[in-house]
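Visitor: For the sequence shown, counting from 1, position 92 maps to 109 in this note's numbering; every step adds exactly one.
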Amino acid sequence: MKRCSWMIVFIVLNLSVALHLNLPGLAQSKAPAFTLSTVAAPARLGPHLVHANSSVPGLRRNVAAISALRGVNYYPSANGWYYMWTNWNATIVNSDFAKISSVLHANYVRIIVPADTNFGYPTPYATTLNELAQVIVLAHNHNLKVDLTLFDLFSNYSDLAGSKQWLTAVLYPYWNNPGIAFIDLQNELDNANPAAVSWARTMLPYARALSGNIPMTIPVSNSIPSLAEQVAQQVPVDFYEFHFYLNPALAYATFQQALRIIGTAKPLLIGETGYSTITTNTFSADVSQTQISQEAEQDQYIRTVEYAARQAGLPLASPWNYSDFADNANVLPGYLGTDQQYFGLYRADATLKPAALTTGRIFHGAAIGLAFNNGFENCDNLNVPTLWRVYQSATQGFSGTFACDSAVAHTGSQSVSISNSTSSNSGAPGFYLSPIQYIVAHQSYTATVWTRGTNITGNPHISFSWYDKNQVYLGKSPSHDLAQGTSNWTQLSVTATPPANAVSVEIHLEVTGTNPGTAWFDDVTFK
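(1) Quick check on this structure: which residue in 81, 323, 127, 325 has the alpha carbon closest to the alpha carbon of residue 101?
(2) How about residue 463 and residue 521: are their beta carbons less than 8 Å apart?
(3) DSSP state of residue 50, grouped into three classes?
(4) Residue range of the beta strand (DSSP E) that residue 100 falls in?
(5) Between residue 155 and residue 110, is the Cβ-Cβ spacing less than 8 Å?
(6) Within the same chain, show all residues whose beta-carbon is closer than 6 Å to that of residue 318, passing over the 5 residues directly before and after it, in chain order.
(7) Under the rule that 16 or more other beta-carbon atoms within 10 Å means buried, what is residue 370, buried or exposed?
(8) Select from 478, 485, 505, 274 the residue whose C-alpha is nearest the C-alpha of residue 494.
(9) So, at 7 Å on beta carbons, what are the nonlocal neighbours of residue 271 in its own chain, with the 5 sequence-adjacent residues on each side left out?
(10) Hey, out of 117, 115, 103, 124, whose CA is closest to residue 141's CA?
(11) Buried or exposed for residue 447, please, with buried defined as at least 16 other CB atoms from any protein chain shown within 10 angstroms of its CB.
(12) DSSP on residue 87, reduced to helix/strand/coil?
(13) Excluding the five sequence neighbours on either side, which residues of its own chain have a C-beta within less than 6 Å of the C-beta of residue 153, listed in chain order?
(14) In whole angstroms, what is the alpha-carbon distance linking residue 517 and residue 90?
(15) Count the CB pairs spanning the region 489–504 and the region 361–377 that are closer than 8 Å, and state whether there are at least three.
(16) Give the C-beta separation of residue 504 and residue 470 to the nearest angstrom, bearing in mind that I take them to be a contact with Cβ-Cβ under 8 Å.
(17) For residue 269 and residue 329, which I take to be in contact (beta-carbon distance under 8 Å), what is that distance rounded to the nearest angstrom?
(18) Could you give the distance in angstroms between the alpha-carbon of residue 172 and the alpha-carbon of residue 213?
(19) Would you decide whether residue 445 is buried or exposed? Buried here means 16 or more other CB atoms lie within 10 Å of its CB.
(20) Across which residues does DSSP place residue 406 in a beta bridge pair?
(21) Measuring CB to CB, does residue 198 end up less than 8 Å from residue 276?
(22) With respect to the alpha helix (DSSP H) encompassing residue 321, which residues constitute its N-terminal and C-terminal limits?
(23) Does the region 410–430 come into contact with the region 369–389, if we say contact requires no fewer than three beta-carbon pairs (one atom in each stretch) closer than 8 Å?
(24) Thinking C-beta only, is residue 289 closer than 8 Å to residue 337?
(25) Kindly identify the DSSP beta-bridge partner or partners of residue 155.
(26) Taking the beta carbon of residue 502 as the centre, do at least 16 other beta carbons fall within 10 Å, making it buried, or is it exposed?
(27) Do you know whose CA, among 441, 432, 123, 236, lies nearest residue 539's CA?
(28) Reducing DSSP to helix, strand and coil, say where residue 420 ends up.
(29) From the DSSP output, in three-state form, read off residue 272 for me.
(30) Using a threshold of 8 Å, state whether the C-beta atoms of residue 236 and residue 201 are closer than that.
(31) Quick check on residue 488: buried or exposed, where buried means 16 or more other Cβ atoms within 10 Å of its Cβ?
(32) Taking buried to mean at least 16 other C-beta atoms within 10 Å of its own C-beta, is residue 476 buried or exposed?
(33) Using a threshold of 8 Å, state whether the C-beta atoms of residue 403 and residue 391 are closer than that.
(34) Roughly how many angstroms lie between the CA atoms of residue 441 and residue 245, to the nearest whole one?
(35) On the three-state DSSP scale, how would you describe residue 116?
(36) Could you tell me whether the Cβ atoms of residue 238 and residue 205 are closer together than 8 Å?
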């Protein structure tokens with residue numbers, strides 16, 4: 018009886034909206050019926066008839082709720098992008114939402130809706146509209162709100178009539194819907210494209226008239242200049258959304274720069290961030306090419322960005338993506354087999370990566386762990402410490418042998434060693450990383466390490482390397498060297514203030530000079 022009633026409501030609604038807005042029918046007949054066979058019906062479907070060409074006075078955009086959001090971007094593992102809709106599987110979506118809520122402790126999930134012939138454009142199919150309705154109900158059943166991202170895969174900015182027709186059909190049922198946290202009009206609009214910006218300035222007010230008090234924005238892709246263009250062109254968003262995939266050491270400085278650009282009138286949300294755990298074509302060639310090391314890097318990346326967001330007073334950043342894509346997933350051409358396949362918090366076999374557990378703890382309110390394998394207790398199957406990258410270049414005249422050593426340790430069960438090493442004017446071999454804590458100007462920082470050596474002829478030490486916002490090397494601050502020859506464990510320490518324009522730092526454990534012996538390092542600290 019309920020399904021029959023919903024069929025009647027949907028048909029009457031389509032006819033009413035079409036007559037009211039003088040638009041063609043809102044649902045093509047690709048699907049035989051509008052049904053919600055796997056979930057309960059939504060509480061409301063289009064409670065008002067709103068003329069989408071008019072303003073809606075008296076509505077207050079619910080932007081204050083943005084500060085409490087903690088979300089995850091979502092596609093099913095087996096079906097990315099528009100294939101989520103053409104290969105729809107409500108059972109899998111429901112299972113995934115359960116994990117996003119109970120394991121990751123998110124309170125919203127991002128759903129991306131394409132405006133193309135697969136979803137139906139300019140008139141969406143009844144089937145896909147039904148699937149979208151199911152998504153919102155399923156999310157609600159798991160205490161998740163939805164970030165509804167629209168007009169994906171769309172670039173026909175001159176087609177305002179088609180854009181409005183499609184948007185009316187998609188948004189009309191969700192006027193003031195409490196299950197929608199906010200709406201992205203389009204993902205990563207090109208703010209340097211006048212046609213795109215003009216389209217956005219027209220479509221945002223139109224979308225507001227259809228959505229009621231649901232906040233609306235347009236995400237910016239990984240680019241401070243693009244954000245500055247969006248602000249300068251006064252694109253009428255309710256809050257700003259930034260997608261961050263830069264070096265994580267730049268996160269805090271980037272967020273501060275973004276806040277200076279947008280001012281205090283509107284909130285800022287980091288709507289995407291993440292690191293691919295693919296074992297080739299990695300973020301840095303110095304990362305060990307193993308699954309263990311890449312997944313540790315992802316965990317460190319998430320912790321660094323979330324720490325920066327929290328310290329900057331922003332909502333927690335939203336990881337991309339919920340899951341890796343399966344090898345046979347139907348994703349966009351050119352994406353499968355690239356790093357895009359491995360951004361997930363879950364692996365494609367539905368097991369959790371370390372970053373999933375970390376995200377769940379952070380979203381649940383736990384303190385963000387600042388450790389970085391300080392005691393070298395975690396090593397991968399190539400016997401290289403996780404998180405610590407290896408810096409060597411035989412082509413530039415410096416190299417060495419790097420290893421975890423379970424036979425030698427200051428504390429714990431192992432340390433790391435550099436042996437048979439040679440440096441040059443181009444650099445010195447060593448282990449290095451950027452700590453999770455960001456740096457600020459005029460503040461002093463200290464790093465320490467315990468070191469010992471056998472037959473040392475070179476100069477083992479710990480040092481800071483400083484970089485500006487463009488990752489240009491600014492200089493180095495080293496500790497004293499370990500004594501040459503053979504020595505017991507000795508603590509080395511460096512304290513320094515960064516150069517005025519430095520925004521990130523690397524900690525290096527290195528050996529300069531020619532050193533046929535072995536230097537061990539253990540128990541690093543940074544504060």
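C-beta: ideal position from N, C-alpha, C; glycine also. As the structure is a computational prediction, the values presented were derived from the model and not from experiment.
Guide: Checking against the coordinates, here is how it stands:
(1) 127
(2) no
(3) Low local confidence applies: a pLDDT of 29 at residue 50 is under 50, so the model's placement there is unreliable, and no value is given.
(4) Segment 100–103 is the alpha helix (DSSP H) holding residue 100; no beta strand (DSSP E) there.
(5) yes
(6) 265, 292
(7) buried
(8) 478
(9) 241, 261, 263
(10) 103
(11) buried
(12) coil
(13) 163, 196
(14) 37 Å
(15) no
(16) 5 Å
(17) 6 Å
(18) 8 Å
(19) buried
(20) 449
(21) no
(22) 308–328
(23) no
(24) yes
(25) According to DSSP, residue 155 bridges with nothing at all.
(26) exposed
(27) 432
(28) strand
(29) helix
(30) yes
(31) exposed
(32) buried
(33) no
(34) 42 Å
(35) helix
(36) yes
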